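To start, the structure itself, in structure tokens.
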Amino acid sequence: MRGVSAEGMADSTKRLESLAADCDAEQLGAELFAIADLISREASLRRAMTDPSASTAAKSGLARAVLSGKVSEPTVEVLATAAGARWSSASDFVHGLEQLGALALVISAERAGELSELEDELFRFGRVVAGDPRLRDALTNQQMPLEHRQALVSTLLEGKASRPAVRLAVQAVGSRGRSFATAIEDSQELAAERQQRLIALVRTAIELNEQERARLGDALSRQYGRDIHLNVVVDPTVLGGIKVELGDDVIDGTVAGRLDDARRRMAG
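The opening residue of the sequence shown carries number 0 in numbering that gives the first Met the number 0; numbering runs sequentially from there.
The following block contains the structure:
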């Protein structure tokens, strides 16, 4: 987000973090997701809460009037702060509420000491979906009712992943303005940011053992000056070596990469 939306997001995030310290963060996240869904459906409510001509007090008051007694008080206060802020567009407002809900769930995992597990659970499920065309098509098929697609995710993950991971994956199916894969990646990045570390996607022809992972993680940490969380994908097409993608940086030490480079030079 940019401009006034970035300011609104920053103010809302600060309010959420202060309230999450003394409330059920998982409940807060689930309720914010439900509110984002509601406001996305209700055009009149969405317009009223993002009306640039209305005062901060009026929009915050509307949020309290609509939801007081229906959700927890911390959720009402986060929504009131978000509604009172300025947003570049109504879609930014809804997306902001989704991001706030995701942050609350990440905070709940952090409290339980399960942030690393949450990152891994989201990554693994993202890879399962990416590697299964039928499942991917089922989750992205707009002809299928959203609640059915979300129920499918819940069924697949129930008992196999933490509650925050299940909620985040379910919400990713119906995320507005983002693909399922992007929504999952955004939640992973939120978890990484809470631990002040970066995420590296590593492609390798064979699985790395613990010592190899540790050496690679240490080398990348020294290079970037931050702790690094490795997401390792076994990809036989790389033939040998490894390829690391970290943000906009790509370090290609694979056999396939060297062969491609040689072909380009010969063709030139």
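For each residue, glycine too, the CB sits at the ideal point set by N, CA and C.
Since we're looking at a predicted model, the values are computed, not measured.
| Asked | Found |
| --- | --- |
| Starting from lysine 13, trace the alpha helix (DSSP H) both ways and give me its first and last residue. | 2-19 |
| Give the secondary structure of serine 90 by DSSP, where H, G and I count as helix, E and B as strand, and everything else as coil. | helix |
| I want to know whether the region 183-196 touches the region 205-214 - three or more CB-CB distances under 8 Å. | no |
| Below 8 Å on the Cβ atoms is my guess for glycine 100 versus alanine 35; work out the distance and round it to an integer in Å. | 6 Å |
| What residue range does the alpha helix (DSSP H) around valine 65 cover? | 55-66 |
| Could you name the residues that DSSP lists as bridge partners for histidine 228? | Ile198 |
| Quick one: complete alpha helix (DSSP H) runs, 4+ long, within the region 106-160? | 114-129, 132-139, 145-156 |
| For alanine 24, collect the residues of the same chain with a Cβ closer than 6 Å to its Cβ; drop the 5 residues on either side in sequence, then sort them by chain order. | Ala103, Ile106, Ser107 |
| Relative to the C-alpha of leucine 61, which candidate in Arg126, Val70, Ala79, His228 has its C-alpha closest? | Ala79 |
| Looking only at C-alpha atoms, which of Leu200, Ser178, Glu109, Ala57 sits nearest to isoleucine 250? | Leu200 |
| Is the beta carbon of glutamine 81 sitting closer than 8 Å to the one on serine 4? | A small fix is needed here, since residue 81 is alanine in this sequence, not glutamine. Going by C-beta atoms, alanine 81 is not nearer than 8 Å to serine 4. |
| Provide the residue span of the beta strand (DSSP E) that contains isoleucine 183, from first to last. | Isoleucine 183 -> not in any beta strand (DSSP E); alpha helix (DSSP H) instead, spanning 179-193. |
| Just grab the DSSP bridge partners of valine 233 for me. | Thr203 |
| Checking 8 Å against the spacing of the C-beta atoms, do glycine 239 and alanine 204 come in under that value? | yes |
| For glutamate 269, count the other beta carbons within 10 Å of its own beta carbon; 16 or more makes it buried, fewer makes it exposed. Which is it? | Outside the modelled stretch of the chain, which goes from 0 to 267, sits residue 269, for which no answer is possible. |
| Measure the C-alpha to C-alpha separation of alanine 64 and alanine 218 and round it to an integer number of angstroms. | 54 Å |
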